[in-house]
Each structure stands twice: as C-alpha cells, then as structure tokens.
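According to the UniProt record's numbering, the sequence shown is numbered sequentially starting from 1. First the structure, in the form of structure tokens, and then the observations on it.
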Amino acid sequence: MRVTPTTIEYLKHMNKLGRVAKKQPRKFFIAVFLIDKFDVFLEIGDDILSTTQWEVMLSDISEPMEEPLYFQLPKLAPVSQRLSLSAIRHCLKCSVLRSTAATQYCMSYNNSSNKFGGNDRRGGYGGGDRRGGGGGYGGGGNRFGGGGGKGDFGGKNLRKPNWNMSDLRPFAKNFYVPHPNVISRHPREIEAYRASKEITVKGDNVPSPIQYFEEGNFPDYAMNEIRKQGFSEPTSIQAQGWPIAMSGRNMVGIAQTGSGKTLAYILPAVVHINHQEHLSHGDGPIALILAPTRELAQQIQTVAQDFGSSTSVRNTCIFGGAPKGPQMRDLNRGVEICIATPGRLIDMLERNVTNLRRCTYLVLDEADRMLDMGFEPQIRKILDQIRPDRQTLMWSATWPKEVRKMAEDYLQDYVQINVGSLQLSANHNIVQIVDVCQEYEKEAKLGRLVDEISSEPGAKTIIFVGTKRKVETITKLLCRNGYPASCMHGDKSQQERDYVLNQFRNGKTSILVATDVAARGLDVDGIKFVINYDYPNSSEDYIHRIGRTGRCTSLGTSYAFFTAKDCKQAKDLVSVLREANQTINPKLEELAQFGGSSGRTRWGGGGGGRGRENNYGRSYSTRSRFNN
C-alpha cells in the first residue's frame with residue numbers, strides 16, 4: 001500500500017493544531033522500532049498533553065516484511081491508514097539506525113522544510129546534521145539518510161558538571177566488618193568454596209565470600225527481612241558480591257538470570273543509604289538503579305520496598321509508558337532510591353524534576369541489554385551527572401566488548417565477579433528440550449505439550465511467540481480449549497500489563513503467552529516451564545527467555561520448537577546445550593553442521609535434553625484439539 005496524501009495531510013493538520021495550542025515550533029517526529037524482525041512499534045513522543053508529539057502504536061506485521069502495517073493515531077481522531085514498510089522507507093525517506101538487538105527505523109518531519117527524515121541543521125530524533133551527520137537514538141546510518149549515534153535523542157540540554165573533588169562533601173561507603181568465621185578460613189577452603197559455586201574473581205584485595213547470612217554482619221533490619229523471606233543460604237553472586245559491595249568497591253557482576261543479583265545490590269544500597277545524611281528539600285536520590293525495561297524496574301522496586309520499608313528508605317520507579325504526574329510527585333517529595341529506565345530519567349532530569357547531586361550509589365542492571373537496546377548515549381549522559389567518586393555496580397548476563405568498554409570508562413579499580421562460564425551459557429538448573437519440526441506442526445505439538453504439562457498442579461508456564469498477532473491467536477486457542485491463559489505484548493497498556501502479571505503471579509492464570517517484552521526481568525515464583533513456540537533471533541534471547549524458569553536453586557524445563565527457518569541459529573544453540581551438559585540430538589547437530597541451506601529439513605522431529613525422555617520429537621498428526 002502507498003502512503004496516501006491523506007495520511008500526510010492529516011499529520012500536517014495535527015501538527016498545526018499542536019502548534020496553535022502550545023505555541024511551539026512546528027516540528028514533528030516519528031520513530032518506528034522494528035523488534036525481532038516482525039514486531040513493530042511506532043512512537044511519536046510520549047506526552048500528548050504537553051508537547052506537539054504523539055504516541056502511535058502499530059500492530060505487528062507478518063512475514064514477509066512487505067505485509068501492510070496498520071497506522072493509527074489513538075485518542076486524537078478515528079483515523080486508520082494502511083502503510084507498508086517499503087512505502088514508509090521510500091516515501092518518508094527514513095533514516096535507518098542499527099543496534100545489535102533491534103533495528104530502529106527513525107523518521108523526522110519538519111514543517112519548515114516539509115520533508116521527512118531530512119538532514120535538518122538542528123538534528124533530531126534520527127535526523128541528521130546538514131553536513132550528513134546523525135543525531136539520534138542509535139548506531140550508524142544508511143542510504144536512506146543520516147546516521148544515528150550520540151546525537152540529540154535525549155539529554156541535549158544536560159551539561160556535564162565540572163566536578164571539583166575538593167568541593168564535594170565526603171561520604172561513607174565502606175561498612176563491611178568481616179565475620180570471625182570468614183577471617184579464620186584457610187585460603188584453600190575459600191578457593192574450594194568458590195570452585196564449588198563456579199565463582200571466579202578478578203581484582204586487587206578481593207574480600208572473601210560469606211557462606212551463611214549470619215557471616216555478612218548485616219544490620220538487624222536486614223536479617224529480619226531475610227528470615228521473613230525464608231532464604232536458606234546466599235546464592236553464589238550474593239555470597240561473593242555482598243562483601244565487595246559492602247566494602248564500597250566498584251564491581252562488575254556477570255551471572256546468569258535467576259542468580260539473585262537484585263538482592264545482591266539492593267541490600268547494600270539500603271545499608272549505604274542509612275549511613276548517609278538525610279535528604280533535604282530539593283535533593284535527588286542517594287541510590288540510582290538503571291534498568292532496561294519497566295517490568296524489571298517494577299520488580300526491583302518490590303525488593304527495594306521489602307528491604308527498605310523497615311528503615312523508612314523511600315523509593316520510586318520511573319519508566320516510560322506510564323503517566324508522568326505521579327512519578328514527578330514522588331521525585332519532588334524526595335526518595336532515597338530511584339529505579340529508572342534511561343529514557344524517562346533523562347526526561348525528568350531535563351525538566352529539572354530531580355537531580356543526581358546526592359547520588360553516591362549507582363547500579364546498572366542488565367547492562368548488556370541496555371546497550372543492545374541502544375541506550376548507551378543516555379546512560380553516558382546520566383553517568384556524567386553523578387559525582388565521579390560514587391560507588392558503581394554493573395550487572396550483566398554476558399561480557400561483550402561494549403560492556404567492557406563502559407566498565408573501563410566509568411568504573412575505577414573495579415572487582416569483577418563471574419558466576420559460571422564467561423561464554424554464552426544457560427542456567428544449568430534448566431532441562432532444555434529442543435523439538436526439530438516443521439512450521440505447520442507447531443500448533444498441534446503445542447496442544448499436546450500443554451496437555452502434558454498442565455497435569456502438574458500449580459505449575460506456571462510461559463509461551464514465547466514471535467509476533468503480537470500470533471500471541472493473541474494462541475491465547476484465544478488456549479482459552480477456547482479450557483486452559484487459563486493470558487497474554488502480554490507491546491500493544492498492551494501499562495495497566496493491562498500490570499493486571500496480567502498480577503493474575504499470573506497469583507495463579508489465577510497459569511499460562512502466560514508473550515513476546516520478548518517479557519523475556520527480560522520477569523521474575524515470577526513457580527514458573528516451571530518455558531515454551532519457545534517461535535525460536536528467537538539470537539541465542540542470547542533464547543537464554544534470557546528460558547531463564548524465567550530455574551530461578552535461584554529451583555529446577556525448570558524449557559521446550560523449543562526449532563524449524564528450518566531457524567537453522568542459522570543451530571550452531572549457537574548446540575553450543576549452549578553442550579555448555580549446559582544437555583544431551584544433543586543428532587538431528588539438531590546435523591542442522592548445525594550443514595546449516596539447512598535448502599530451507600527445509602527432512603527431520604519431522606528431533607530434540608535434546610538431559611536425563612529426561614523427549615516425548616515431543618515425533619511427527620504428530622496436525623489435527624489436535626487446537627484444530628478441531
């Protein structure tokens with residue numbers, strides 16, 4: 001479908017109305033985020049009430065990419081236009097910005113030149129400099145326009161303070177008193193413990209790990225909450241991370257999902273805050289925690305509330321997709337802990353709603369994910385607003401060069417902790433079963449699999465699907481066949497997402513069907529099964545998906561339907577299975593060896609696993625209760 005003149009004129013009209021109402025320059029931005037090839041999110045700003053920008057959601061698109069998109073301007077007018085990606089690219093001269101996890105299609109419209117994506121001298125959201133440079137949200141550009149990079153997407157009004165260390169008020173950050181048991185342990189005993197927990201450390205004068213909570217010498221309020229939560233012993237990352245964090249050291253922690261890292265930095269944060277001067281009017285937070293997604297941010301807030309409430313440590317959660325008013329009120333009242341996504345925090349800093357002058361404890365959670373999502377310019381802007389002698393803890397599931405570079409740039413004399421392998425690795429508590437099958441078989445196989453796992457009482461299941469449309473379809477099929485299922489994807493409002501997650505957490509629905517919006521940071525007790533209905537585009541995403549089960553010391557099982565179109569991922573998947581000591585089916589190994597270049601595989605089934613019979617490797621009839 002072509003981009004019709006009606007569509008363009010409508011956009012111009014809405015921009016004109018915005019200019020009349022707000023007395024602002026007639027400038028209009030559009031950004032399309034293409035996630036995992038088929039999920040599309042089109043955004044025009046995020047605050048309808050206060051700017052001339054609007055938010056737009058597109059439904060997902062199906063293969064091939066030329067399928068139509070559905071263009072809507074909700075809350076403004078009953079308008080729906082059909083667009084195609086190729087038409088958007090060609091007619092609107094979009095500037096393509098690339099990152100490792102998502103390709104972001106960005107276009108900027110400026111009424112002064114009546115051009116989309118032009119190289120306006122003011123730069124902008126994906127637009128370029130008049131000399132062809134980029135100003136925007138991501139990496140380099142392409143033939144459609146200027147590049148991205150560290151441009152004017154956010155934080156352009158933030159200036160790096162000229163930090164004079166002699167003028168900064170000193171603060172305390174070393175509160176660790178080693179327990180006598182820890183001091184008396186022989187170095188060989190310490191090394192044996194680290195080896196048994198797969199802990200490796202790098203750095204100077206690294207404190208010894210604790211083996212029991214009592215050895216942490218935590219304050220009574222912390223120990224009371226630990227007992228209340230029913231924890232039996234520290235996880236590997238907690239055992240080694242707590243002594244380092246409580247000593248005031250900078251730290252990089254590399255650990256698999258479900259390792260207990262949230263508590264590894266929240267508990268020291270609360271102790272750190274309680275040793276600082278009380279906040280005065282106008283002070284910003286003492287502890288700042290940056291997270292890539294709102295789901296993860298909200299879960300961090302839950303832990304912060306549990307361990308901070310007894311000592312009146314206040315917190316707030318700042319993220320996009322939710323009203324700004326309540327978040328601004330929290331910041332104005334003053335909070336000791338601020339959990340935030342980078343984009344929304346940049347907005348609050350630019351509006352002078354808060355500041356980071358009092359921040360002395362910084363956490364970057366899932367740093368690899370934030371960099372994958374293109375947040376590096378925003379993160380660097382934020383870190384420049386914090387005093388250089390702060391304590392910084394960076395957490396990541398992987399250790400790519402981008403994360404290493406940021407650690408070298410912003411962490412002085414840091415200690416690195418690694419739990420498990422530095423290579424791409426999955427949680428060893430998860431049994432991984434891979435079913436090599438044909439695309440048309442997946443629906444029937446899912447029905448049979450859900451029948452099997454639903455017989456286990458109280459077990460929760462997450463089903464990951466590639467597109468939003470397919471999420472809705474599968475959820476309806478499950479509900480129609482009597483399974484308590486709900487769904488979550490990018491088109492859901494924050495209120496809908498919260499409701500769905502609460503229903504899932506409380507056990508009112510035992511099956512959650514989701515796109516990758518829920519793959520990171522979702523921490524729900526009792527998830528025993530993860531099903532990859534559509535295999536993701538990278539093994540990193542696969543690992544984070546299946547990491548929703550097998551949390552901490554519990555066991556879990558993951559299933560993946562692997563088809564010929566996924567063959568380019570076969571080699572990496574085999575490596576992941578081998579590292580996790582899983583049994584690898586020869587059929588998957590053959591795909592990894594030959595790459596499945598014909599586009600089809602002769603295998604009707606397949607699989608892999610460890611210590612468990614694979615009942616899903618056969619080619620079942622496509623007629624099932626899902627097809628009846």
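Idealized CB from N, CA, C, for every residue including glycine. Nothing here was measured: the structure is a model prediction, and the numbers come from that model.
- Secondary structure at F504: helix, using DSSP grouped into helix, strand and coil.
- Here Q327 is not near Y361, since their CB atoms are 8 Å or more apart.
- Here the region 457–474 makes contact with the region 506–516; the two share three or more CB pairs at distances below 8 Å.
- Taking 4 residues as the shortest admissible run, the UniProt domain "Helicase C-terminal" (445–592) contains the following complete alpha helix (DSSP H) segments, listed from N- to C-terminal end: 468–480, 494–505, 539–546, 570–579.
- Inclusion of E233 and V182 in the CB contact set at 8 Å is not warranted, their separation being larger than that value.
- Here D525 is exposed. Its C-beta has fewer than 16 other C-beta atoms within 10 Å.
- Exclusion of the five residues before and after H489 leaves K468, V471, A514, T515, V517 as the residues of its chain whose Cβ lies within less than 7 Å of its Cβ.
- Around A485, the same chain offers T475, L478, C479, T509, I511, V513 as residues with beta carbons nearer than 7 Å, after the five sequence neighbours per side are excluded.
- In this structure the region 413–420 touches the region 244–251; the number of beta carbon pairs closer than 8 Å is three or more.
- Sequence-distant partners of T398 (beyond 5 residues in either direction) whose C-beta falls short of 8 Å from its own C-beta, in its chain, are I254, D368, L424, E540.
- Going by C-alpha positions, K381 is about 8 Å away from K160.
- In the three-state reduction of the DSSP assignment, M373 falls in the coil class, being assigned neither a helical nor a strand state.
- Within the DSSP secondary-structure output, S232 pairs in no beta bridge.
- Beta bridge pairing from DSSP links G325 with no other residue.
- The beta carbon of H428 sits closer than 6 Å to those of A580, all from its chain and outside the five residues before and after it, given in chain order.
- By the Cβ rule, the region 327–340 counts as touching the region 289–302, because three or more pairs are nearer than 8 Å.
- The Cβ atoms of P285 and C359 sit closer than 8 Å to each other.
- In the structure shown, D389 adopts coil according to DSSP, grouped into three states.
- Taking all protein chains shown into account, P377 has 16 or more neighbouring C-beta atoms within 10 Å of its C-beta and is therefore buried.
- Proximity to G343 across G321, S280, R185 peaks at G321, based on C-alpha coordinates.
- The DSSP assignment places complete alpha helix (DSSP H) segments of no fewer than 4 residues inside the region 284–341 at 294–308, 324–333, in order along the chain.
- Here the alpha carbons of Y212 and K587 stand approximately 45 Å from one another.
- When DSSP states are grouped into helix, strand and coil, T354 belongs to the coil group.
- Rounded to the nearest whole angstrom, the CA to CA distance from M348 to L371 is 21 Å.
- Between I386 and L356 a beta carbon distance of about 5 Å is seen, short of the 8 Å cut, so the two are scored as contacting.
- For the set R497, Y559, K197, the Cα lying nearest the Cα of E452 is the one of Y559.
- No residue range can be given for T398, since it is assigned to no alpha helix (DSSP H) and is classified by DSSP as neither H nor E.
- DSSP, reduced to helix, strand and coil, places I210 outside both helices and strands of the structure shown, so it counts as coil.
- One alpha carbon belongs to K261, the other to I244, and they sit about 13 Å apart.
- V436 is bridged by DSSP to F562.
- Membership of Y193 in any beta strand (DSSP E) is not indicated; the residue belongs instead to the alpha helix (DSSP H) covering 187–196.
- Annotated as distal: Q229 and A264, with beta-carbon spacing of 8 Å or more.
- The beta carbon of R329 is closer than 6 Å to none in its chain, skipping five residues each way along the sequence.
- Collapsing the DSSP output to three states places T360 in coil.
- A straight line joining the alpha-carbon of A592 with that of G550 spans about 26 Å.
- Taken through DSSP and simplified to helix, strand or coil, T200 comes out as strand.
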